[in-house]
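A quick write-up on the structure given underneath.
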Amino acid sequence: MEGKKSIEPIDFTLIVKSIAKNKKIFFITLPIVFVLGCLILLSIPRYYNCQVKLAPEVSMSNMSGLSSIASTMGIDITSKLNGNQDAISPELYPDLMRSMDFRVSLFNIQISTKDTTVTTDYYSYLKNYQKIAWWDNYILKIKKYFEEKDNTPTNKKINPFYLTKDQNDIAYLIGDKVKCAVDKKTNVISINVTDQDPLVAATIADSVSSRLQAFITEYRTKKARKDLEYIKNLYKDSRVRYEKARKKYGEYGDANMDLVLESYKLEQVDLENDMQLQYNSFSSLATQYMAAKAKVQERTPVFTMLQSPSVPIKPAGPKRMILMGILLIITFVILTFFSVLKTK
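In terms of our numbering, the sequence shown opens at residue 4 and continues consecutively.
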């Protein structure tokens, strides 16, 4: 039909003839690309990945179906159905781990490389023992030449509010190496740590998961622990008052055992009543104290380790063979394209 352009078939014969005619270009260019690719890809340090998966404690509800539907839309109603009013829900854990306070808290983790040549803290390891490509080394030298001198005072105790440039750079580097994601449907927390050494990756993954659990536990039990401390002090004071009242009543009774005067009897009744009041107060606070301790235990979250940290065997990247293959294929296609154009 008129107005429609016919699709021309691919002329493979022409392509083969073009390649054969310009084979010299292929024999020269492809080895050069291969050598240059090796120089570049072999300069990129290998890295390893370690993953940890945690499942936080979730109370089941009769409205689990509704909760599941809501979670697919990014809405968490589980906490509302169960009366949980936590400000930090699992969806906010990635934001927590991206905070500067959390990153800085990882500086002092003690690590050791797999070959045991380096044993130091995580901050020093990232600052002094990271391998970089040769071109990155030149880029850093050029950047350092144009950067202004950092006059921030260096203190032994690192202050997240006032970091030096080196500390700030390491904190952002940790943010690139340590990632956290939460599945909105299941609330499963995935922590991924990337590092050039497999043992360091596993060590940091284990430490990060432990510190995250400790932080959440600290947060969720904070009010309950404050209430417990308050009740505990009242309980101790009440016990002291009861012991004093009981001692005073006993001593008075022993000292006035043979007296029958009504005034002495009234005094003894008053001391007995005071002792009973102190005992009632002590008994009530003892019950509240036990309930407060139970409340702390109730508020303590439970995390189930679905996937524990393990030292990775194979590197996660770079995929040198795959990248080299892609590079050679692209080069071959480009050379073929220009050879066909040249032949036409």
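Built from N, CA and C at the ideal position, the CB exists for glycine as well.
Alpha-carbon spacing of residue i relative to residue j, whole angstroms
| i | j | result |
| --- | --- | --- |
| Lys26 | Ile112 | 57 angstroms |
| Leu176 | Ala319 | 18 angstroms |
| Ile316 | Asp200 | 10 angstroms |
| Ile80 | Ser313 | Confidence is the limiting factor: at Ile80 the pLDDT is only 47, short of 50, which leaves the residue's position unreliable, though a coordinate-based value still follows. Approximately 34 angstroms, taken between the alpha carbons. |
| Phe335 | Lys345 | 15 angstroms |
| Phe29 | Tyr50 | 33 angstroms |
| Ala205 | Asn140 | 27 angstroms |
| Pro304 | Gln279 | 40 angstroms |
| Phe110 | Lys130 | 11 angstroms |
| Tyr222 | Phe306 | 14 angstroms |
| Pro34 | Ile142 | 28 angstroms |
| Thr189 | Ile219 | 18 angstroms |
| Glu246 | Leu215 | 44 angstroms |
| Arg242 | Leu264 | 32 angstroms |
| Tyr282 | Ala294 | 18 angstroms |
| Lys239 | Gly256 | 26 angstroms |
| Lys250 | Arg302 | 39 angstroms |
| Trp137 | Ile47 | 8 angstroms |
| Asp230 | Lys56 | 33 angstroms |
| Leu99 | Leu338 | 50 angstroms |
| Phe285 | Asp104 | 43 angstroms |
| Gly40 | Ser92 | 46 angstroms |
| Asn162 | Val38 | 47 angstroms |
| Ile332 | Phe340 | 12 angstroms |
| Pro12 | Lys24 | 22 angstroms |
| Ser287 | Arg244 | 14 angstroms |
| Ser217 | Ser210 | Here the sequence assigns Ala to residue 217, which means Ser is not the residue at that position. If you take the alpha carbons of Ala217 and Ser210, they lie about 10 angstroms apart. |
Proximity of residue i and residue j at Cβ, strictly below 8 angstroms
| i | j | result |
| --- | --- | --- |
| Leu326 | Val36 | no |
| Ser342 | Ser21 | yes |
| Arg323 | Leu42 | no |
| Thr120 | Val203 | no |
| Val181 | Ile192 | no |
| Glu275 | Tyr252 | yes |
| Ala248 | Asp273 | no |
N- and C-terminal bounds of the alpha helix (DSSP H) containing residue i
| i | result |
| --- | --- |
| Ile325 | Arg323 to Thr346 |
| Leu44 | Lys26 to Leu44 |
| Lys187 | Per DSSP, Lys187 belongs to no alpha helix (DSSP H) and is neither H nor E. |
| Ser102 | First-last for Ser102: undefined, no H or E at that position. |
| Ile145 | Trp137 to Phe149 |
Limits of the beta strand (DSSP E) - the one that residue i falls within
| i | result |
| --- | --- |
| Ala319 | No beta strand (DSSP E) contains Ala319, which DSSP labels as neither H nor E. |
CA nearest to the CA of residue i, picked from the options
| i | options | result |
| --- | --- | --- |
| Glu270 | Ile192, Leu309, Lys24 and Glu254 | Glu254 |
| Pro59 | Lys296, Ser115 and Leu309 | Leu309 |
| Val107 | Ala295, Thr167 and Ser286 | Thr167 |
| Ile114 | Lys146, Leu44 and Asp198 | Asp198 |
| Val196 | Gln54, Ser46 and Asp169 | Gln54 |
| Val299 | Asn276, Tyr238 and Lys225 | Lys225 |
| Tyr125 | Ile135, Pro163 and Gln170 | Gln170 |
| Gln291 | Val272, Asp277, Ala227 and Phe340 | Ala227 |
| Arg101 | Ile194, Gly328 and Ile234 | Ile194 |
| Leu95 | Met260, Ser210, Lys187 and Ile31 | Lys187 |
| Ile234 | Lys268, Asn259 and Ala289 | Ala289 |
| Ala174 | Lys144, Ser127 and Phe149 | Ser127 |
Opposing strand residues paired with residue i [DSSP bridges]
| i | result |
| --- | --- |
| Tyr51 | Asp198 |
| Pro59 | Phe306 |
| Gln113 | Asp124 |
| Val203 | The partner list for Val203 (beta bridge, DSSP) is empty, contrary to what the question assumes. |
| Val211 | In DSSP, Val211 forms no bridge with anything. |
| Val355 | This structure cannot speak to residue 355, because the chain is shown only from 4 to 347. |
Contact test: residue i Cβ vs the ligand MG heavy atom, cutoff 7 angstroms
| i | result |
| --- | --- |
| Tyr252 | This structure lacks the ligand MG; in fact it carries no ligand of any kind. |
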